[in-house]
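J.:
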Ligand SMILES: *Cc1c(COP(=O)(O)O)cnc(C)c1O
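Residue numbers (the working numbering): 7 to 397.
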């Protein structure tokens, strides 16, 4: 039987070599490799500063704190996102306010976000879902009109562009957070980074990620003199290690290549699925550039969305094909039960019910893609034989 995994990170560059060098050096916690990785990411996304941390969740938490979000504030975000987006708001002491998405892009609907503004709102936290750029112009306009800060959850979006601006270049927001979990486009095992164009924010983020400490270990080590440290505020241990940063440096060197391979695979899916009725694919928005972090299809018109979806995932697994449910709607998770929901979230709920992520990774072959499409079509025909015919 053929088997198609859902995702495999591509670690075929200098990852092993750099790791061995760093192990031999004896410096394995946040140090020279983290600095090198920060510079590489800043260069890759046209940012002036990049601060590496232990995860994107940590990156979002620090971004919210650096933005001045505090207890009692409200932060508007989509419900249709990974749960960490909302958790970071709660970690910062603020209250998440869920707004609906635009079904065409699966990103925050700017009109819905504006309708959710109250006197307590301090920020809008938008998400570039599955790497697809959010409507940054509209969101920025709304934020400046209402005196709010825009923060970008770009966990999935390294390598994507909004018009001529790279995501992470701080073209629309002083705080952009990326993830390097293996499901994302570049990986460090676990890891995150915040890009900013504000040197004061950069300094604050560096302080917060390392216990609020006035000098970091590397600076003390290099100084050759005794440098006493002070703890200037209550910080966190959100450091990335140099071991993780080794992977990051090697991965960042191949960003363009990895994104090109993903886009080529996505184009093959687009072509093959165009003829399959009952399946909608997502289109690259005009003027933007999409890194294709996840390949989503939407299966509609069938009875009872989530049941059809789960049956489809299960039957594809019997063919050796590993797929995933779409993105959760956070307000339906037990962790947020009882959370106030003043705004309609219908588009989010039906996208959660009807989307399936297909296997996509840089080294997926055209045969594997053809096999996935063939079995998807076959299984859809089983569900609704009146409408679907497979060749
Ligand atoms: C993956 C993801 C996160 C969390 O990233 P971690 O690095 O695992 O903390 C946050 N937001 C979105 C949209 C994600 O997809």
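Here a beta-carbon is modelled for each residue, glycine too, at the ideal position from N, C-alpha and C.
For residue 238, which residues in the same chain have their Cβ closer than 7 angstroms to its Cβ, ignoring the five residues on either side in sequence?
T.: If we look at residue 238 and ignore the five residues flanking it on each side, its Cβ neighbours are 213, 218 and 220.
J.: Pair every Cβ in the region 318-337 with every Cβ in the region 356-373, then say whether three or more of these pairs are closer than 8 angstroms.
T.: The region 318-337, when compared against the region 356-373, does touch it at the 8 angstroms Cβ threshold.
J.: Given a cut-off of 8 angstroms on the beta-carbon distance, is the pair residue 128 and residue 75 in contact?
T.: Cβ distance < 8 angstroms, so residue 128 and residue 75 count as in contact.
J.: Please determine whether the Cβ atom of residue 198 lies at a distance below 7 angstroms from any heavy atom of ligand 1.
T.: Yes.
J.: Among 273, 378 and 305, whose alpha-carbon lies nearest the alpha-carbon of residue 325?
T.: Closest by alpha carbon: 378.
J.: Express the C-alpha separation of residue 261 and residue 388 in angstroms, rounding to a whole number.
T.: Going by the C-alpha atoms only, they are around 40 angstroms apart.
J.: Which residues in the same chain as residue 251 place their Cβ atom closer than 6 angstroms to its Cβ, once the five residues preceding and following it in sequence are excluded?
T.: If we look at residue 251 and ignore the five residues flanking it on each side, its Cβ neighbours are 39, 40 and 43.
J.: Mind listing, in chain order, the continuous beta strand (DSSP E) runs of no fewer than 3 residues lying wholly within the region 26-91?
T.: DSSP runs (the beta strand (DSSP E)) wholly in the region 26-91: 55-59 and 80-84.
J.: Measuring from the CB of residue 232, is there a heavy atom of ligand 1 at a distance below 7 angstroms?
T.: Flag unset: Cβ of residue 232 not near ligand 1.
J.: Answer yes or no: the CB of residue 86 versus the heavy atoms of ligand 1, is any distance below 7 angstroms?
T.: Checking every heavy atom of ligand 1 against the Cβ of residue 86, none is found closer than 7 angstroms.
J.: Between residue 278 and ligand 1, is the CB less than 7 angstroms from at least one heavy atom?
T.: No, Cβ of residue 278 sits at least 7 angstroms from all heavy atoms of ligand 1.
J.: Below 6 angstroms CB to CB, which residues in the same chain sit around residue 236 once its five sequence neighbours on both sides are set aside?
T.: These residues qualify, in order along the chain: 220.
J.: Could you check how far apart the C-beta atoms of residue 323 and residue 337 are, in whole angstroms? I think they sit under 8 angstroms.
T.: At roughly 28 angstroms, the Cβ-Cβ gap does not stay under 8 angstroms, so residue 323 and residue 337 are not in contact.
J.: Residue 16 to residue 276, Cα distance in whole Å?
T.: Taking the straight line joining both Cα atoms gives about 22 angstroms.
J.: Once the 5 residues before and after residue 302 are set aside, which same chain residues still bring their CB inside 8 angstroms of it?
T.: Cβ within range, chain order: 112, 136, 287, 288, 332, 361, 362, 363 and 364.
J.: Cβ of residue 292 within 7 angstroms of any heavy atom in ligand 1?
T.: Residue 292: no, Cβ never under 7 angstroms from ligand 1.
J.: Using DSSP with H/G/I as helix, E/B as strand and the rest coil, what is residue 128?
T.: Residue state, collapsed to three classes: strand.
J.: Among the candidates 19, 20, 33 and 13, whose CA atom is the shortest distance from the CA of residue 228?
T.: Nearest option by C-alpha distance: 33.
J.: CA-CA distance, residue 184 and residue 198?
T.: For residue 184 and residue 198, the distance between alpha carbons rounds to 5 angstroms.
J.: In the structure shown, what three-state DSSP assignment does residue 242 receive?
T.: Residue 242 falls in the coil class under three-state DSSP.
J.: Can you round the beta-carbon distance between residue 158 and residue 171 to whole angstroms, since I take them to be within the 8 angstroms contact cut?
T.: In fact, because the Cβ distance is near 11 angstroms, the residues do not count as touching under 8 angstroms.
J.: Using alpha carbons as the reference points, say which of 233, 104, 327 and 47 lies closest to residue 257.
T.: Answer by Cα proximity: 47.
J.: For residue 373 and residue 299, what's the separation of their Cα atoms in angstroms?
T.: Distance between the alpha carbons of residue 373 and residue 299 is about 20 angstroms.
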